[in-house]
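Since the structure comes first, as C-alpha cells, the remarks are kept for the end.
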Amino acid sequence: MDKTFYAYKKYIYILCTVVTICCISCKKEVTTTPPKQLDTSLLEEFEVEFLNTTVWLPTSYEKLTYEALFELARVEDDAMINMLLQSSKEYRNKEKKPVFFRDEFMPSNFIAIYPSSYIRLDKKTASYYISDFAVTMKRQDQELGITSEIIEKRIKTFNGHKMVKLKLKQTSDFIENRYFTQYFISSDIRSFMVIHIDVLNRDYELNFKNLSVQSN
Numbered sequence: 004m005d006k007t008f009y010a011y012k013k014y015i016y017i018l019c020t021v022v023t024i025c026c027i028s029c030k031k032e033v034t035t036t037p038p039k040q041l042d043t044s045l046l047e048e049f050e051v052e053f054l055n056t057t058v059w060l061p062t063s064y065e066k067l068t069y070e071a072l073f074e075l076a077r078v079e080d081d082a083m084i085n086m087l088l089q090s091s092k093e094y095r096n097k098e099k100k101p102v103f104f105r106d107e108f109m110p111s112n113f114i115a116i117y118p119s120s121y122i123r124l125d126k127k128t129a130s131y132y133i134s135d136f137a138v139t140m141k142r143q144d145q146e147l148g149i150t151s152e153i154i155e156k157r158i159k160t161f162n163g164h165k166m167v168k169l170k171l172k173q174t175s176d177f178i179e180n181r182y183f184t185q186y187f188i189s190s191d192i193r194s195f196m197v198i199h200i201d202v203l204n205r206d207y208e209l210n211f212k213n214l215s216v217q218s219n
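Note that the numbering used here gives residue 131 to position 128 of the sequence shown, counting from 1, and the numbers run on in steps of one.
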C-alpha cells in the first residue's frame with residue numbers, strides 16, 4: 004500500500020502547477036457506467052505512442068509532442084503552454100513522454116495525456132487521491148487568488164477499468180474563465196492521466212474511456 008500511495012501522490016503534485024481548489028462542494032459518488040459507443044464520424048484519430056493506440060478528438064485539435072511544445076514556448080509567450088511544460092518537466096529525459104493537443108480555433112483549449120506508473124485504483128486509493136488533491140489545491144488556490152469550484156467528482160467503473168474524474172470551474176480577475184477536468188484511469192495493467200482545459204465546458208469523457216479500453 005505504501006508503494007501505491009507514494010506513486011499516486013507524485014501525480015497529485017504534478018497537478019499543483021495547473022489547477023487550484025478552494026472548496027469541495029459535491030458529494031463523492033461511485034457509479035458503474037454502462038458501455039457506450041463513441042461516435043467517431045466527426046472526429047479525427049490521433050496516435051498516443053506510449054499507450055500504443057489512438058484517441059479520437061475533434062478535427063480542430065492539433066497534436067503537439069513534448070519537443071514541439073517546448074519549441075513553441077521559445078517563440079510564443081503563452082501562460083498555458085508554459086504551465087503544461089512545467090507540469091511535464093520530469094518527463095523530459097524519459098522515453099515515454101506526454102502528448103498534447105491544442106484547439107486551433109480556440110488556442111486556450113488544451114488536452115494533455117500523461118504516462119503514469121501503474122496504480123491499482125481501488126476505492127480506498129481513489130479516495131486518498133481525491134483527498135490529497137483537494138487539500139493541496141485549496142492551498143494553491145488561496146496563494147494564487149483563483150476561485151475553483153468542483154462541479155463534478157466521481158469514481159467510475161467501465162469495461163473493467165476504473166477512473167477518477169475531477170471537474171472544476173475556475174474564475175479569477177486575471178485569467179479567462181475556464182473548465183478544468185482531470186482524469187486518472189487504470190486498467191489491470193496500466194495507468195495514465197489526462198488534463199482537459201476548455202473554455203466552453205465541452206466534455207470528452209467517453210473519448211478517454213475509449214482510449215483506455217483500446218490500449219489493452
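Cβ atoms here follow ideal geometry from the backbone N, Cα and C, with glycine treated the same way.
- Residue state for residue 92 is assigned as helix, using DSSP reduced to three classes.
- Taking a contact to require three or more Cβ pairs closer than 8 Å, the stretch 135-152 and the stretch 118-127 do not qualify as touching.
- Distance from the CA atom of residue 67 to the CA atom of residue 149, rounded to whole angstroms, is 28 Å.
- When C-alpha distances from residue 188 are compared across 40, 213, 45 and 206, the shortest belongs to 213.
- Per DSSP, the beta bridge partners of residue 105 are 65 and 113.
- Check the Cα spacing between residue 108 and each of 177, 96 and 202: the tightest is with 202.
- Proximity of the stretch 96-114 to the stretch 45-57 meets the contact definition, three or more beta-carbon pairs being nearer than 8 Å.
- By alpha-carbon distance to residue 143, the top candidate from 43, 63 and 173 is 173.
- With a threshold of 16 other beta carbon atoms within 10 Å, residue 192 falls short and is exposed.
- Taking C-beta separations shorter than 7 Å and ignoring five residues to either side along the sequence, the partners of residue 43 in its chain run 59, following chain order.
- With a contact defined as Cβ atoms closer than 8 Å, residue 200 and residue 183 qualify at about 6 Å.
- Counting of Cβ neighbours within 10 angstroms places residue 63 among the exposed residues, the total staying below 16.
- Under the DSSP assignment, residue 167 falls outside any alpha helix (DSSP H), being part of the beta strand (DSSP E) whose first and last residues are 164-174.
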